[in-house]
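Please read the structure below before turning to the comments.
Number of protein chains: 2
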Amino acid sequence: MYPPDPSSAAHCTIGGNIAENAGGARAVKYGVTRDYVLGLEMVLADGTVLRTGGKAVKNVTGYDLTRLLVGSEGTLGIVTQALLKLIPLPGERRTARALFPSLEGACRAVERSIRAGTVPAAAEIMDRTCLEAVAGFQGPALDSGVEAAVIFEFDGDGPESLERQIARALSSCREAGVVDFRVAASPQEAEELWSTRRGLSAAVAALAPNRIGEDISVPRAAFPEIVRRIRAIGRQYGLVIAAFGHAGDGNLHPSILTDLSQPGARQKVDQAVGAIFQAALQLGGTLSGEHGIGVTKKDYIAAALGEAGVATLRAIKKALDPQGILNPGKIF
Amino acid sequence: MYPPDPSSAAHCTIGGNIAENAGGARAVKYGVTRDYVLGLEMVLADGTVLRTGGKAVKNVTGYDLTRLLVGSEGTLGIVTQALLKLIPLPGERRTARALFPSLEGACRAVERSIRAGTVPAAAEIMDRTCLEAVAGFQGPALDSGVEAAVIFEFDGDGPESLERQIARALSSCREAGVVDFRVAASPQEAEELWSTRRGLSAAVAALAPNRIGEDISVPRAAFPEIVRRIRAIGRQYGLVIAAFGHAGDGNLHPSILTDLSQPGARQKVDQAVGAIFQAALQLGGTLSGEHGIGVTKKDYIAAALGEAGVATLRAIKKALDPQGILNPGKIF
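Quick note, the sequences are listed as chains A and B, same order. The opening residue of the first sequence carries number 0 in numbering that gives the first Met the number 0; numbering runs sequentially from there. The opening residue of the second sequence carries number 0 in numbering that gives the first Met the number 0; numbering runs sequentially from there.
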């Protein structure tokens, strides 16, 4: 199994995954792209071909260039080959869907479940705005005061392990006020649940003329608090902000739904985005969990990393690409 | 649980572990120090205090300075704080000892077991020279043509999982000609097996006036072949080379046992060490799995990383420590 599973899996590339250190739903248990790149072949700014890492799992011969290059957004070199790590496929997998009367309850359930020692292979959260956007969530379940859903995936090497994990997660969900907890009865049903999650980004985008999607990441325990703050920011600026993301690892994708052709809309959105970033940083989080900095978050990077952090990044960039010819204008 | 468990656990420090990216027996399943450092506070060469990373598990805000600094052997900055990742303790653990009539059989058993999908929490191998050196392995078991032992640790969230893992490992060991396979009946017995492994380095060192210990790492599948080549190198140079290490992750610690006060001994040892490094590199491995380059392997780093690799490391070193005041003379 190659664990990283970005929601864009159907159309993204391994090169792009490496450049952005792509994550996905399974990061809570299995980590991100960086954890599965053993070695790289890169073309450096001066045309030199650099090979890093290798098949030896343990390797401390020199600095870890492989992991420096993963997530460097094409600014330090161009990846031409990658050596990826595979792990044994889990013997069994089960998917469950839990519905909650509040988004905070849903967040709390995931946090409690992990604290109790059950690390799910995925724990994806979505709020009511998201649920209304996607097919498959309409109907009676959604009518009765449901404000959020969590899709859990559990895996393990046998049925007893899965039963135990599901029982513990159910217990954590009950403590957090779950109103419905359904374990998928077949692989088809599990696939249906996952396909709604994968289609979520597009479905939410269709709700308004413009969707501004963000990618903040906070310590897992701060997930309920960041959700509270984002809802407050939405109220403050009179904006609909749909929230979905990877509750298991603290990575949230708030989506601002608006019509940018309306007067003043752009300014309101910019202020709300700034407030969201500030909230994430205040809670010990960061600007980007898996999408990178690129162009749109450049202005905020000093707030996230501090002057010393940015100066260190710049020093490395200058050392490896003195003329700034690799993906110019990105990150800095 | 904090998984990294270097054999020096009783006297090493977290700072040292970070500087050298320490590994240990559990790396086969859980990875190394680098995988458990979420953030650092470092003092840079110019006195600036740099904070990297944080509690957010997913983080692609700028280059991954945290992982660049782990394993940099004090040459890029001085670690003053570290934020470490813990994982839930496994519910159950079991230790087993397998004895083999050949070192190659022991290697093959570990490789087969992992290929069959059973990743042990540890799979430590030792040859007959090692077995003779440590207490607890003498007696009838060792007499009957035993040439190597493997200590396995298995962990999981329930007894069924452990039974399944042990059954699979036993089956792989049988295919590889195991002569004895004993599962520790109590935590005390497991601890005894592990204490012999932890005392191994010192016990082997006591066998001769001088012990030159190395730390090569190869792709896991190449483990039997590197063992064969090291035995051939020992014969070629007339040296006793004891072999123990982490068969599960391909990291081997060949120990050359000699008396350096004898004429010509130093030269023979140097040649043998060079031949061992060359063999590791030829098999797609590297000079150091978990001990670093330091002073003694400086001469070999270009062979391992190539000119482009060394030039890239030097460029980074120069960018962050232009005057070369941090741990001077190491790595380069």
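The C-beta atom is built at its ideal place from N, Cα and C for all residues, glycine as well.
Neighbourhood of residue i by C-beta distance below 7 Å, restricted to the same chain and skipping five residues each side
i	result
A/VAL48	GLU40 and VAL42
B/ARG96	ALA148, ILE150, ARG181 and LEU192
B/LEU169	PHE180
B/GLY233	VAL239 and ILE240
A/GLY244	ILE124, ASN250, LEU251 and HIS252
B/ARG111	SER171, GLU174 and ALA175
A/GLU188	none
B/GLU103	PRO223, VAL226 and ARG227
A/PRO158	GLU91
Alpha-carbon spacing of residue i relative to residue j, whole angstroms
i	j	result
B/ALA207	B/GLU91	39 Å
B/TYR1	A/GLY237	45 Å
A/ASP156	A/PRO89	6 Å
A/GLN164	B/LEU85	19 Å
A/ARG230	A/ILE300	24 Å
A/ARG167	A/LEU280	32 Å
A/LEU325	A/THR74	5 Å
A/HIS252	B/GLY76	34 Å
A/VAL342	A/THR32	With chain A covering 0 to 331 only, the question about residue 342 of chain A has no answer from this structure.
B/VAL36	B/CYS11	17 Å
B/GLN235	B/ALA271	9 Å
A/VAL268	A/ARG228	16 Å
B/LEU304	A/THR60	8 Å
B/ALA44	B/ASP320	5 Å
B/ALA204	B/SER194	16 Å
B/GLU152	B/ALA115	16 Å
A/ILE17	A/ARG197	20 Å
A/ALA314	A/ARG265	34 Å
A/LEU161	B/SER160	11 Å
Backbone secondary structure at residue i - three-state DSSP
i	result
B/SER216	strand
A/PHE331	coil
B/PRO100	coil
B/LEU82	strand
A/ASP154	strand
B/SER6	coil
A/ASN20	coil
B/GLU190	helix
B/ALA95	strand
B/VAL294	coil
B/PRO89	coil
B/LEU39	strand
B/VAL203	helix
B/PRO223	helix
B/VAL48	strand
B/GLU306	helix
Cβ neighbours of residue i in the same chain (closer than 6 Å, five flanking residues each side left out)
i	result
B/ALA26	ASP248
B/ILE145	Note that residue 145 of chain B corresponds to Val in the displayed sequence, not to Ile. Excluding residues within five positions, the ones whose Cβ falls inside 6 Å are LEU98.
A/ALA221	LEU282
A/ALA132	ALA202, VAL203 and LEU206
B/LEU64	THR51
B/THR128	ALA241
A/PHE276	LEU286 and TYR299
Residue environment, residue i, which counts as buried when at least 16 other CB atoms sit within 10 Å
i	result
B/ASP298	exposed
A/PRO87	exposed
A/SER360	Residue 360 of chain A is absent from the structure shown; chain A starts at 0 and stops at 331.
A/ASP52	According to the sequence displayed, residue 52 of chain A carries Gly and not Asp. A/GLY52 comes out buried.
A/SER6	buried
A/LEU312	buried
B/GLY38	buried
A/VAL56	buried
A/LEU259	exposed
B/PRO119	buried
Contacts around residue i, its chain only, beta-carbon distance under 8 Å, and the 5 residues preceding and following it disregarded
i	result
B/GLY14	VAL78 and ALA81
B/GLY284	ILE215, SER216, VAL217, PRO218, ALA221, ILE225 and GLY249
A/ASN20	VAL31, THR32, ARG33, VAL69, GLY70, GLU289 and GLY291
B/SER101	GLU146, ALA147 and GLY176
heavy atom of the ligand ATP below 6 Å from residue i C-beta
i	result
A/PRO5	In the structure shown, the ligand ATP is absent, as is every other ligand, since no ligand is present at all.
Residue i: contacting residues in chain D (beta-carbon distance under 8 Å)
i	result
A/LEU286	No chain D appears in the structure shown, which is made up of the protein chains A and B.
To be precise: take each residue of the region 212–225 of chain A, compare its Cβ to all Cβ atoms of chain B, and keep it if any distance is under 9 Å. Which residues remain? Answer in chain order: ASP214, ILE215, SER216, VAL217, PRO218, ARG219, ALA220 and ALA221.
Can you give me, in chain order, the residues of the region 105–131 of chain B that have a beta carbon less than 7 Å from any beta carbon in chain A? GLY116 and VAL118
Of the residues that make up the region 236–253 of chain A, which ones have a beta carbon closer than 7 Å to any beta carbon in chain B? ASP248, GLY249 and ASN250
Against chain A: residues of the region 25–37 of chain B by CB proximity under 9 Å: Residues ALA26, VAL27, GLY30, VAL31, ARG33 and ASP34.
At a CB distance below 9 Å, what residues from the region 177–196 of chain A approach chain B? Give them in sequence order. none
Selection of the region 143–163 of chain A by Cβ proximity to chain B, strictly under 9 Å: Legend: CB atoms of the region 143–163 of chain A lying less than 9 Å from CB atoms of chain B belong to residues GLY155, ASP156, GLY157, PRO158, GLU159, SER160 and ARG163.
Going along the region 302–320 of chain B in order, which residues come within less than 7 Å of chain A, judged by CB to CB distance? ALA303, LEU304, GLY305, ALA307, GLY308, THR311, LEU312, ALA314, ILE315, LYS317, ALA318 and LEU319
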